[in-house]
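Novice:
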Amino acid sequence: MSNEKYETYNTKVTNFGTYREITHFHTSQVRKAKSDEHRGGRNENSVISDEAQEERTKAQHYKIKRKIRHYILANDFQFFVTFTIDPQKGNSLDYDTAKSILLKWCETQRKIKGKFDYIFIPEFHKSGRVHFHGVLGNCNFELIEAVNPKTGKVLKRNGRQVYNLPAWKYGFTDVEIIEDKERTSSYMTKYVTKELMSNKEMFGKKRYFPSRGLKVPEITFENRASDEFEDFTPNYGLISKNYTGEKVIDKAIYKLSVDSETGEIVQKDRNSLIKII
1 MSNEKYETYN TKVTNFGTYR EITHFHTSQV RKAKSDEHRG GRNENSVISD EAQEERTKAQ
61 HYKIKRKIRH YILANDFQFF VTFTIDPQKG NSLDYDTAKS ILLKWCETQR KIKGKFDYIF
121 IPEFHKSGRV HFHGVLGNCN FELIEAVNPK TGKVLKRNGR QVYNLPAWKY GFTDVEIIED
181 KERTSSYMTK YVTKELMSNK EMFGKKRYFP SRGLKVPEIT FENRASDEFE DFTPNYGLIS
241 KNYTGEKVID KAIYKLSVDS ETGEIVQKDR NSLIKII
(Lines of atoms letter the chains of each structure in order from A and count residues from 1; the text may use other names and numbers.)
(Lines give C-alpha, C1' and ligand atoms only; values in the text may rest on other atoms or scores of the structure.)
Protein backbone atom coordinates (compact mmCIF):
# COMPACT_ATOMS: atom_id res chain seq x y z
CA MET A 1 0.00 0.00 0.00
CA SER A 2 1.41 3.40 -0.99
CA ASN A 3 2.26 5.90 1.74
CA GLU A 4 2.35 8.80 -0.69
CA LYS A 5 0.32 11.81 0.38
CA TYR A 6 -1.42 14.25 -1.93
CA GLU A 7 -2.88 17.71 -1.47
CA THR A 8 -5.22 19.92 -3.49
CA TYR A 9 -4.79 23.58 -4.39
CA ASN A 10 -6.04 26.09 -6.94
CA THR A 11 -3.39 28.79 -6.63
CA LYS A 12 0.39 28.70 -6.90
CA VAL A 13 2.22 31.75 -5.55
CA THR A 14 5.86 32.38 -6.49
CA ASN A 15 7.13 35.17 -4.24
CA PHE A 16 10.29 36.95 -5.41
CA GLY A 17 10.08 39.60 -2.70
CA THR A 18 8.92 42.76 -4.46
CA TYR A 19 7.51 40.80 -7.41
CA ARG A 20 5.08 37.90 -7.44
CA GLU A 21 3.72 35.52 -10.01
CA ILE A 22 0.37 34.01 -9.15
CA THR A 23 -1.11 31.11 -11.11
CA HIS A 24 -4.80 30.60 -10.42
CA PHE A 25 -6.71 27.56 -11.70
CA HIS A 26 -10.46 27.40 -12.26
CA THR A 27 -10.59 23.87 -10.85
CA SER A 28 -8.63 22.26 -8.04
CA GLN A 29 -5.25 20.74 -8.85
CA VAL A 30 -3.62 17.77 -7.14
CA ARG A 31 0.04 17.60 -6.20
CA LYS A 32 2.16 15.11 -4.34
CA ALA A 33 3.04 16.33 -0.86
CA LYS A 34 6.74 16.84 -0.17
CA SER A 35 8.64 13.65 0.53
CA ASP A 36 12.20 12.93 1.64
CA GLU A 37 12.16 9.54 -0.05
CA HIS A 38 15.10 8.96 -2.39
CA ARG A 39 14.06 7.38 -5.65
CA GLY A 40 17.54 6.52 -6.89
CA GLY A 41 19.37 7.75 -9.94
CA ARG A 42 21.26 6.53 -12.94
CA ASN A 43 24.78 6.59 -14.29
CA GLU A 44 26.53 6.67 -17.64
CA ASN A 45 25.98 2.94 -18.13
CA SER A 46 22.28 2.90 -17.26
CA VAL A 47 20.00 1.35 -19.87
CA ILE A 48 17.07 3.59 -20.78
CA SER A 49 14.82 3.70 -23.83
CA ASP A 50 15.10 6.57 -26.31
CA GLU A 51 11.56 7.68 -25.47
CA ALA A 52 12.24 7.70 -21.73
CA GLN A 53 15.52 9.55 -22.24
CA GLU A 54 13.76 12.19 -24.34
CA GLU A 55 11.18 12.72 -21.60
CA ARG A 56 13.91 12.97 -18.95
CA THR A 57 15.79 15.52 -21.06
CA LYS A 58 12.65 17.62 -21.60
CA ALA A 59 11.92 17.61 -17.88
CA GLN A 60 15.50 18.55 -17.01
CA HIS A 61 15.49 21.25 -19.71
CA TYR A 62 12.38 22.85 -18.24
CA LYS A 63 13.69 22.55 -14.67
CA ILE A 64 17.00 24.25 -15.48
CA LYS A 65 15.33 27.11 -17.36
CA ARG A 66 12.87 27.64 -14.51
CA LYS A 67 15.70 27.60 -11.94
CA ILE A 68 17.73 30.19 -13.85
CA ARG A 69 14.70 32.41 -14.35
CA HIS A 70 13.87 32.22 -10.65
CA TYR A 71 17.44 33.12 -9.69
CA ILE A 72 17.43 36.18 -11.95
CA LEU A 73 14.06 37.44 -10.72
CA ALA A 74 14.89 36.83 -7.05
CA ASN A 75 18.33 38.51 -7.08
CA ASP A 76 19.68 41.91 -8.07
CA PHE A 77 21.99 41.25 -11.00
CA GLN A 78 23.60 44.31 -12.58
CA PHE A 79 25.30 43.13 -15.76
CA PHE A 80 24.60 40.75 -18.61
CA VAL A 81 27.96 39.49 -19.92
CA THR A 82 29.53 37.33 -22.60
CA PHE A 83 33.03 35.91 -22.07
CA THR A 84 35.07 34.22 -24.78
CA ILE A 85 38.42 32.45 -24.49
CA ASP A 86 41.32 33.33 -26.77
CA PRO A 87 42.83 30.08 -28.19
CA GLN A 88 46.26 31.36 -27.17
CA LYS A 89 45.13 31.67 -23.55
CA GLY A 90 43.14 28.48 -23.12
CA ASN A 91 41.73 25.51 -24.98
CA SER A 92 38.08 26.45 -25.46
CA LEU A 93 37.58 23.35 -27.62
CA ASP A 94 37.70 21.33 -24.40
CA TYR A 95 34.64 21.95 -22.25
CA ASP A 96 36.26 20.97 -18.95
CA THR A 97 39.22 23.28 -19.60
CA ALA A 98 36.97 26.20 -20.51
CA LYS A 99 34.80 25.60 -17.45
CA SER A 100 37.87 25.45 -15.21
CA ILE A 101 39.14 28.78 -16.57
CA LEU A 102 35.79 30.43 -15.88
CA LEU A 103 35.31 29.08 -12.36
CA LYS A 104 38.91 29.77 -11.31
CA TRP A 105 38.43 33.34 -12.53
CA CYS A 106 35.27 33.66 -10.42
CA GLU A 107 37.10 32.28 -7.39
CA THR A 108 40.06 34.62 -7.89
CA GLN A 109 37.84 37.67 -8.33
CA ARG A 110 35.94 36.81 -5.16
CA LYS A 111 39.24 36.79 -3.27
CA ILE A 112 40.22 40.14 -4.78
CA LYS A 113 36.91 42.00 -4.75
CA GLY A 114 34.84 40.08 -2.23
CA LYS A 115 31.74 37.97 -2.70
CA PHE A 116 29.66 38.69 -5.78
CA ASP A 117 26.76 36.91 -7.44
CA TYR A 118 26.84 35.21 -10.81
CA ILE A 119 25.21 32.70 -13.12
CA PHE A 120 26.95 31.41 -16.25
CA ILE A 121 25.69 29.23 -19.10
CA PRO A 122 28.05 27.63 -21.66
CA GLU A 123 27.36 27.92 -25.37
CA PHE A 124 29.04 25.84 -28.06
CA HIS A 125 30.00 27.65 -31.26
CA LYS A 126 29.76 25.84 -34.59
CA SER A 127 33.55 25.57 -34.45
CA GLY A 128 33.22 23.54 -31.24
CA ARG A 129 34.64 26.30 -29.06
CA VAL A 130 32.93 27.15 -25.79
CA HIS A 131 32.08 30.63 -24.59
CA PHE A 132 29.91 31.76 -21.68
CA HIS A 133 26.90 34.00 -21.18
CA GLY A 134 26.12 35.19 -17.71
CA VAL A 135 24.85 37.74 -15.25
CA LEU A 136 26.84 39.45 -12.49
CA GLY A 137 25.50 41.15 -9.39
CA ASN A 138 26.53 42.68 -6.08
CA CYS A 139 29.87 43.54 -7.66
CA ASN A 140 32.11 46.53 -8.34
CA PHE A 141 33.86 45.53 -11.56
CA GLU A 142 35.39 48.32 -13.60
CA LEU A 143 33.78 48.71 -17.02
CA ILE A 144 35.07 50.59 -20.03
CA GLU A 145 33.04 51.70 -23.03
CA ALA A 146 33.33 49.26 -25.92
CA VAL A 147 34.59 50.77 -29.15
CA ASN A 148 33.85 49.70 -32.71
CA PRO A 149 37.30 48.66 -34.02
CA LYS A 150 36.40 49.76 -37.56
CA THR A 151 35.01 53.22 -36.81
CA GLY A 152 36.63 54.02 -33.48
CA LYS A 153 33.23 55.12 -32.16
CA VAL A 154 31.70 53.91 -28.92
CA LEU A 155 29.64 50.79 -29.49
CA LYS A 156 25.90 50.88 -28.88
CA ARG A 157 23.31 48.14 -29.32
CA ASN A 158 19.65 49.09 -29.68
CA GLY A 159 20.55 52.54 -28.39
CA ARG A 160 22.27 51.17 -25.28
CA GLN A 161 25.96 51.47 -24.46
CA VAL A 162 28.01 48.27 -24.66
CA TYR A 163 30.95 47.82 -22.30
CA ASN A 164 34.03 45.66 -21.85
CA LEU A 165 35.18 44.13 -18.56
CA PRO A 166 39.00 44.39 -18.29
CA ALA A 167 39.18 41.97 -15.33
CA TRP A 168 38.50 39.08 -17.75
CA LYS A 169 41.98 38.54 -19.20
CA TYR A 170 41.27 35.41 -21.24
CA GLY A 171 39.50 36.83 -24.27
CA PHE A 172 36.73 39.08 -25.54
CA THR A 173 34.03 40.53 -23.27
CA ASP A 174 30.65 42.07 -24.01
CA VAL A 175 28.71 43.71 -21.18
CA GLU A 176 25.31 45.40 -20.97
CA ILE A 177 23.69 46.97 -17.92
CA ILE A 178 20.52 45.12 -16.90
CA GLU A 179 17.40 47.28 -16.98
CA ASP A 180 14.65 44.66 -17.08
CA LYS A 181 14.85 41.47 -15.00
CA GLU A 182 12.10 39.69 -16.90
CA ARG A 183 13.67 40.39 -20.28
CA THR A 184 17.10 39.34 -19.01
CA SER A 185 15.72 36.07 -17.63
CA SER A 186 14.09 35.29 -20.99
CA TYR A 187 17.30 36.12 -22.83
CA MET A 188 19.46 33.99 -20.53
CA THR A 189 17.24 30.92 -20.65
CA LYS A 190 17.40 30.91 -24.46
CA TYR A 191 20.97 29.69 -24.08
CA VAL A 192 19.75 26.53 -22.36
CA THR A 193 19.31 24.92 -25.77
CA LYS A 194 18.20 21.45 -26.83
CA GLU A 195 21.73 20.91 -28.13
CA LEU A 196 23.21 21.75 -24.73
CA MET A 197 20.82 19.34 -23.03
CA SER A 198 21.23 16.42 -25.46
CA ASN A 199 24.99 16.64 -26.11
CA LYS A 200 26.35 13.21 -25.07
CA GLU A 201 29.66 14.78 -24.05
CA MET A 202 27.72 16.74 -21.41
CA PHE A 203 26.40 13.64 -19.63
CA GLY A 204 26.65 14.14 -15.88
CA LYS A 205 28.05 17.66 -16.31
CA LYS A 206 26.47 20.88 -15.16
CA ARG A 207 24.70 22.97 -17.79
CA TYR A 208 24.91 26.17 -15.76
CA PHE A 209 27.01 27.60 -12.94
CA PRO A 210 25.36 29.65 -10.17
CA SER A 211 27.31 31.21 -7.33
CA ARG A 212 26.62 29.99 -3.83
CA GLY A 213 24.10 31.82 -1.69
CA LEU A 214 21.73 33.10 -4.38
CA LYS A 215 18.24 33.93 -3.19
CA VAL A 216 15.40 31.70 -4.33
CA PRO A 217 11.70 32.57 -4.44
CA GLU A 218 9.26 31.24 -1.88
CA ILE A 219 6.69 28.99 -3.56
CA THR A 220 3.40 28.16 -1.86
CA PHE A 221 0.34 26.21 -2.96
CA GLU A 222 -2.90 27.64 -1.65
CA ASN A 223 -6.67 27.66 -2.08
CA ARG A 224 -8.05 31.09 -2.93
CA ALA A 225 -11.39 32.42 -4.11
CA SER A 226 -11.53 33.66 -7.70
CA ASP A 227 -12.93 37.03 -6.63
CA GLU A 228 -9.56 37.84 -5.02
CA PHE A 229 -8.26 38.45 -8.54
CA GLU A 230 -11.15 40.54 -9.90
CA ASP A 231 -9.08 43.75 -9.86
CA PHE A 232 -6.26 42.19 -11.89
CA THR A 233 -5.87 41.30 -15.56
CA PRO A 234 -4.44 37.87 -16.42
CA ASN A 235 -1.08 38.44 -18.11
CA TYR A 236 -1.45 34.95 -19.53
CA GLY A 237 -4.56 32.81 -19.66
CA LEU A 238 -5.94 29.58 -21.06
CA ILE A 239 -9.66 29.49 -21.83
CA SER A 240 -11.68 26.29 -22.06
CA LYS A 241 -15.34 25.29 -21.81
CA ASN A 242 -16.83 23.82 -18.66
CA TYR A 243 -19.40 21.03 -18.57
CA THR A 244 -22.22 23.49 -19.43
CA GLY A 245 -20.36 24.80 -22.48
CA GLU A 246 -19.56 28.11 -20.81
CA LYS A 247 -16.11 29.58 -21.49
CA VAL A 248 -13.96 29.94 -18.39
CA ILE A 249 -10.36 30.93 -17.76
CA ASP A 250 -9.00 27.53 -16.86
CA LYS A 251 -5.56 28.89 -15.94
CA ALA A 252 -4.58 32.51 -15.30
CA ILE A 253 -1.13 33.89 -14.52
CA TYR A 254 -0.84 37.30 -12.87
CA LYS A 255 2.39 39.31 -12.65
CA LEU A 256 2.10 41.51 -9.59
CA SER A 257 4.35 43.89 -7.67
CA VAL A 258 4.54 45.07 -4.08
CA ASP A 259 4.30 48.85 -3.68
CA SER A 260 7.49 49.88 -1.85
CA GLU A 261 5.69 52.60 0.15
CA THR A 262 2.32 51.07 1.01
CA GLY A 263 3.06 47.35 0.75
CA GLU A 264 -0.04 47.02 -1.42
CA ILE A 265 -0.13 44.40 -4.18
CA VAL A 266 -0.40 46.22 -7.52
CA GLN A 267 -0.30 45.28 -11.19
CA LYS A 268 2.00 47.46 -13.28
CA ASP A 269 1.96 45.26 -16.37
CA ARG A 270 -1.51 44.64 -17.79
CA ASN A 271 -0.41 43.21 -21.13
CA SER A 272 -2.43 40.08 -21.70
CA LEU A 273 -2.12 36.95 -23.84
CA ILE A 274 -5.17 34.68 -23.81
CA LYS A 275 -5.34 31.35 -25.63
CA ILE A 276 -8.36 29.13 -26.27
CA ILE A 277 -7.78 25.41 -25.80
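Residues 1 to 277, numbered by UniProt numbering, are exactly what the sequence shown covers, in order.
Heads up, the beta-carbon is just placed ideally off N, CA and C, and yes, glycines get one too.
Note that this is a predicted model, so its numbers are computed, not measured.
#1: Please state whether the Cβ-Cβ distance between Gly134 and Phe120 is less than 8 Å.
#2: Is Gln88 helix, strand or coil when you go by DSSP?
#3: Using a Cβ-Cβ cut-off of 6 Å (strictly less than) and excluding sequence neighbours within five positions of Val248, which residues of its own chain qualify?
#4: So does the stretch 100-113 actually touch the stretch 181-188, counting three or more Cβ pairs closer than 8 Å?
#5: For His24, which of helix, strand or coil comes out of DSSP?
#6: Please list the segments of the alpha helix (DSSP H) lying wholly inside the stretch 201-242, counting only runs of 4 or more residues, in order along the chain.
#7: When you compare only the Cα positions, how much space is there between Ser257 and Arg160?
#8: Could you pull the DSSP bridge partners for Ser186 from this structure?
#9: Going by beta carbon distance, what residues of the same chain come within less than 8 Å of Lys65, once the five residues before and after it are set aside?
#10: If contacts are defined as beta-carbon pairs under 8 Å, then Cys139 and Phe172 qualify, I think. What distance do you get, rounded to the angstrom?
#11: With 16 as the cutoff for other CB atoms within 10 Å, does Arg157 come out buried or exposed?
#12: Answer with buried or exposed for Arg69, where buried requires no fewer than 16 other C-beta atoms within 10 angstroms of its C-beta.
#13: Excluding five sequence neighbours on each side, which residues of the same chain lie with their C-beta closer than 7 Å to the C-beta of Leu165?
#14: What separation, rounded to the nearest whole angstrom, lies between the Cα atoms of Gln29 and Glu222?
#15: Can you check which of these residues, Cys106, Pro149 and Ala59, is closest to Gly194 by C-alpha distance?
#16: Between the Cα of residue 322 and those of Arg212, Glu201, Tyr71 and Leu155, spot the shortest distance and give me the residue it belongs to.
Specialist: In short:
#1: Locating residue 134 in the sequence shown gives position 134, where the first residue counts as 1. Locating residue 120 in the sequence shown gives position 120, where the first residue counts as 1. Contact flag set, yes.
#2: Locating residue 88 in the sequence shown gives position 88, where the first residue counts as 1. Here Gln88 sits in coil by DSSP.
#3: By one-based count along the sequence shown, residue 248 stands at place 248. In its chain, beyond the 5 residues on either side, His26 and Asn242 have a beta carbon closer than 6 Å to the beta carbon of Val248.
#4: Note that the stretch 100-113 does not touch the stretch 181-188; fewer than 3 beta-carbon pairs, one per stretch, sit closer than 8 Å.
#5: Mapped onto the sequence shown, residue 24 falls at position 24. DSSP, read as helix, strand or coil, puts His24 in strand.
#6: For the stretch 201-242, not one full-length alpha helix (DSSP H) segment reaches 4 residues or more.
#7: Numbered from 1 along the sequence shown, position 257 holds the residue referred to as residue 257. Numbered from 1 along the sequence shown, position 160 holds the residue referred to as residue 160. Going from the Cα of Ser257 to the Cα of Arg160 covers about 26 Å.
#8: Residue mapping note: residue 186 aligns to position 186 of the sequence shown, counting from 1. None, per the DSSP bridge assignment.
#9: On the sequence shown, residue 65 is found 65 positions in, with the first residue counted as 1. The answer, listed in chain order, is Thr189 and Val192.
#10: What you label residue 139 is simply residue 139 of the sequence shown in a count that begins at 1. What you label residue 172 is simply residue 172 of the sequence shown in a count that begins at 1. Rounded, the Cβ-Cβ distance is 19 Å, inconsistent with contact.
#11: The residue labelled residue 157 in the question sits at position 157 within the sequence shown. With fewer than 16 other Cβ atoms inside 10 Å of its own Cβ, Arg157 counts as exposed.
#12: As a first step, residue 69 is located in the sequence shown; it is residue number 69 there, counting from the start. Burial call: buried.
#13: Stepping through the sequence shown from its first residue, residue 165 is reached at position 165. Around Leu165: Val81, Phe141, Leu143, Thr173 and Val175.
#14: In the sequence shown, residue 29 corresponds to position 29, counting from 1. In the sequence shown, residue 222 corresponds to position 222, counting from 1. Counting only the Cα atoms, Glu222 lies some 10 Å from Gln29.
#15: Residue 194 sits at position 194 when you count from the first residue of the sequence shown. The question names Gly, yet the displayed sequence has Lys at residue 194. Nearest to Lys194 by alpha-carbon distance, out of Cys106, Pro149 and Ala59, is Ala59.
#16: For the chain, the structure presents residues 1 to 277; residue 322 sits outside this window and is missing.
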